[in-house]
Amino acid sequence: MKKVSLAILAAMLNSSVVIPVQAQEYMFTYSKLFSHMKQNAKEGHDDVKVGFFFLNANTKQLCHIEKAWMEKEEHYEEIPVSPYQEVLVPLDDNLRSANPLVFVQTPMDQRCDFSMVVMTKAPLSGSVSYDEIKVLLPQMQTILEELGGMFASWFTPDVEGVTLEFPDKLNSKIVFSNGQTKPIIDGKAQVALSEIGQGGTMMLPAETSRVLPYLPKAD
Numbered sequence: 007m008k009k010v011s012l013a014i015l016a017a018m019l020n021s022s023v024v025i026p027v028q029a030q031e032y033m034f035t036y037s038k039l040f041s042h043m044k045q046n047a048k049e050g051h052d053d054v055k056v057g058f059f060f061l062n063a064n065t066k067q068l069c070h071i072e073k074a075w076m077e078k079e080e081h082y083e084e085i086p087v088s089p090y091q092e093v094l095v096p097l098d099d100n101l102r103s104a105n106p107l108v109f110v111q112t113p114m115d116q117r118c119d120f121s122m123v124v125m126t127k128a129p130l131s132g133s134v135s136y137d138e139i140k141v142l143l144p145q146m147q148t149i150l151e152e153l154g155g156m157f158a159s160w161f162t163p164d165v166e167g168v169t170l171e172f173p174d175k176l177n178s179k180i181v182f183s184n185g186q187t188k189p190i191i192d193g194k195a196q197v198a199l200s201e202i203g204q205g206g207t208m209m210l211p212a213e214t215s216r217v218l219p220y221l222p223k224a225d
């Protein structure tokens with residue numbers, strides 16, 4: 007049986023070296039980020055990707071990204087940030103060769119930790135079917151194991167569902183077609199594929215901000 011502690015998995019997914027230059031500024035090399043982002047260009051997981059975020063070390067909520075950019079000598083380019091604070095670093099072989107420095111600024115009054123996650127490329131909303139979730143799980147599993155290295159398939163826990171995150175710390179509920187419900191607490195709910203049931207659906211009260219793997223055996 008595959009077993010891994012959540013701490014080990016977190017360490018595996020947060021292997022990039024982060025150098026805090028000031029309380030609110032973090033610096034990376036592009037090549038280090040590229041080594042993880044290259045999974046996004048591989049075939050076989052068209053619906054999921056690796057995403058970069060910063061989490062408040064105290065609240066574990068997403069930090070607001072004030073600014074992100076790349077620079078190399080006289081060259082400078084801003085990096086876009088999604089409405090849900092994903093740092094959208096471009097995937098580019100030329101940038102890999104140039105290897106610029108990547109800077110991210112977060113609020114001065116917060117300690118924000120770098121967070122690399124596996125997530126869906128598109129949000130979920132409305133009625134979501136069993137089959138829509140089922141197709142995501144092997145894709146998430148593949149990226150998790152590829153990020154972990156040669157022997158990761160031995161200890162990476164199975165992805166058994168999805169972790170749904172909603173904006174504004176939503177408190178509501180998910181309604182399944184079998185009549186069952188699941189609470190959304192502070193914008194988060196974990197749903198196993200088995201809870202939806204083959205041929206079933208779940209109704210979401212709002213569009214998700216992030217859809218991440220659910221790894222119940224990671225504890």
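Residue numbers (the working numbering): 7 to 225.
Positions of the beta carbon are idealized from the N, C-alpha and C atoms, including for glycine.
| Query | Result |
| --- | --- |
| What would DSSP say about L68, mapped onto helix, strand or coil? | strand |
| Beta-carbon within less than 6 Å of P211's beta-carbon, same chain only, minus the 5 sequence neighbours each way: which residues are those? | S178 |
| For R117, report the span of its alpha helix (DSSP H) as first-last. | No alpha helix (DSSP H) contains R117, which DSSP labels as neither H nor E. |
| H81 by DSSP, collapsed to three states: which one? | strand |
| Determine the closest residue to F40 out of R102, D52, K66 and P86, with distance taken between C-alpha atoms. | R102 |
| When you compare each of Y82, H81 and L107 to S37 by their alpha carbons, which one comes out closest? | L107 |
| Roughly how many angstroms lie between the CA atoms of V93 and M114, to the nearest whole one? | 18 Å |
| Just mark T112 as buried or exposed, buried being the case when its beta carbon has 16 or more other beta carbons within 10 Å. | buried |
| Counting C-beta neighbours from all protein chains within 10 Å, is the total for E77 16 or more, i.e. buried, or is it exposed? | exposed |
| Taking L150 and T126 to be in contact with their CB atoms under 8 Å, please state how far apart those CB atoms are, rounded to whole angstroms. | In fact, because the Cβ distance is near 14 Å, the residues do not count as touching under 8 Å. |
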